[in-house]
Amino acid sequence: MTGLPSREEAAGLADVLERVLDKGLVIAGDIRVNLLDIELLTIKIRLLVASVDKAREMGIDWWEHDPTLSVGQRDLAEENRALRSRVAELETATTDTAKAKA
Amino acid sequence: MTGSATYLYAITRPLFDDGFAASGASAGLHGVSGAPVRSIAAGGLACLVSSVDLDEFGEDALRVNLEDLAWLERTARQHDEVVRAAARLTTTIPLRLATICADDAAAARRLAELDGQAASVLDDLDGRDEWGVKVFAVEEPPDDAAPIEPARTTGAAYLQRRRSQLERRTARTERAGQFADAVYRQLEDCAARGYRHRPQDQRLSGVAAPMLLNAAFLVDRQRAEEFRHMVGALAADRPPDAIVLTGPWPPYSFASVQQP
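As structure tokens, this is what we get:
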């Protein structure tokens, strides 16, 4: 088996945390660990574990506004729109000039 | 708060109760805080547990400790170690981190309450492992390194250029998303089930390229080779490290059944 992209080393911390904190069977213990607390920890841990839906339920959606974390679709769409309207303006202007010359 | 409590790691069938000690698997197996792991039985199930100190695992202590990344990492890895040890021996339902009962008797009562549900989860997980597959957008050089244009610097030419640049970038983002979806769909065909975790942030994945897909698959052991080959084939015509396979994992991502 060649070129198999398997990683044999110890599992990455992010991989382990997203599983042990966010997955696994939940049974109610006697020690109440508020799982919301786990997701309200620090920004670092939130980055690791908060699933999008759960975080949204809690009103955490900062990554959507953080350009370093989102794909930047929004900005791109914005810029696209602005450029398209500018191009349209210029095209109209060019046509008008051509008409005027004719 | 002082005293001790019982920390629960994983649920198995009762055969494990005998097998665990008899196989010598428990020898040297330590859980959170280094406490020895033992097995308790109830309700037709077995559960791996260890004793914990309420000074460290009581409600107030946990609230503080869970915010300590070093403590969290250590505890998460110890928890994972025990779950893995169980999964090497038998079908295992991993429990969420920090599932703690007052004592063994309380833990046994919880197990008994779970019985029917846990049994069907165990049946579902029999002979299957979890595999992780991540896809990264490590491909083409940045598109700003577009072909060098002649020095026509009229506004229209600039806009033209800018527009095609943006279109290329949009198309590439779409292609990357489509590729991630295609990888997921193809691997899902080879798996009993799939689950898409949220892609990890670059600062945490430790990989410069953005993560496009962070998936987990529950795969029949009989099909594990086929699955690995499929991942290998998908990876073959991508840049190195564009597709990363991890596993086998205990079936963490497929045991999230909520108690009624």
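Protein chains in written order, with this note's numbering: chain P, 134 to 235; chain G, 3 to 262.
Idealized CB from N, CA, C, for every residue including glycine.
Remember, it's a predicted structure, so these values are computed and weren't measured experimentally.
- Cβ contact annotation for L31 (chain G) (same chain, cutoff 6 Å, sequence separation greater than five): V39 and A87, in chain order.
- Boundaries for R40 (chain G): no alpha helix (DSSP H) harbours it, while the beta strand (DSSP E) harbouring it runs R40 to A44, taken from the DSSP string.
- Looking from the CA of C49 (chain G), the closest CA among G:A244, G:R165, G:E228 and G:P96 belongs to G:P96.
- The straight-line gap separating the alpha-carbon atoms of P242 (chain G) and V137 (chain G) is approximately 11 Å.
- Contact between L215 (chain G) and A182 (chain G) holds: their C-beta atoms lie close to 4 Å from each other, under 8 Å.
- Taking a beta-carbon distance threshold of 8 Å, R214 (chain P) does not count as an interface residue toward chain G.
- Under DSSP, T101 (chain G) takes part in a beta bridge, and its partners are G:L10.
- Under the rule that a run must span 3 or more residues, the beta strand (DSSP E) segments found entirely inside the segment 169-230 of chain G read 195-199 and 213-222.
- Straight across, the Cα-Cα distance linking A72 (chain G) with R223 (chain G) is about 34 Å.
- Of the residues assessed, Y160 (chain G) falls on the exposed side of the cut-off, its CB having fewer than 16 other CB atoms within 10 angstroms.
- In the three-state reduction of the DSSP assignment, L127 (chain G) falls in the helix class, which pools H, G and I.
- According to DSSP, F138 (chain G) shares a beta bridge with G:M213.
- With respect to V135 (chain G), I245 (chain G) sits close: the two C-beta atoms are nearer than 8 Å.
- Residue contact check for G118 (chain G) against chain P: no CB pair falls below 8 Å.
- Annotation for T77 (chain G): the continuous alpha helix (DSSP H) segment containing it runs L71 to L91.
- In terms of Cβ geometry, V66 (chain G) and I102 (chain G) do not form a close pair [threshold 8 Å].
- DSSP places V153 (chain P) inside the alpha helix (DSSP H), whose first and last residues are L146 to D155.
- Around T8 (chain G), the same chain offers V51, C103, D105, D106 and A109 as residues with beta carbons nearer than 6 Å, after the five sequence neighbours per side are excluded.
- Taking a C-beta cut-off of 9 Å against chain P, the contacting residues of the segment 97-111 of chain G are L97, R98, L99, A100, T101, I102, C103, A104, D105, A108 and A109, listed in chain order.
- What E75 (chain G) touches in chain P, judged by beta-carbon distance under 9 Å, is L146, V149 and L150, going in chain order.
- Sixteen is the threshold: since fewer than 16 other Cβ atoms of the shown chains lie within 10 Å of the Cβ of A215 (chain P), the residue is exposed.
- It is roughly 22 Å from the alpha-carbon of H81 (chain G) to the alpha-carbon of A121 (chain G).
- For Y197 (chain G), the closest alpha carbon among the candidates G:Q204, G:Q188 and G:F219 is that of G:F219.
- Contact of F59 (chain G) with chain P is assigned, a C-beta pair being separated by under 8 Å.
- Residue-level contact check: R174 (chain G) does not touch chain P, since none of the beta carbons of chain P fall below 8 Å from its beta carbon.
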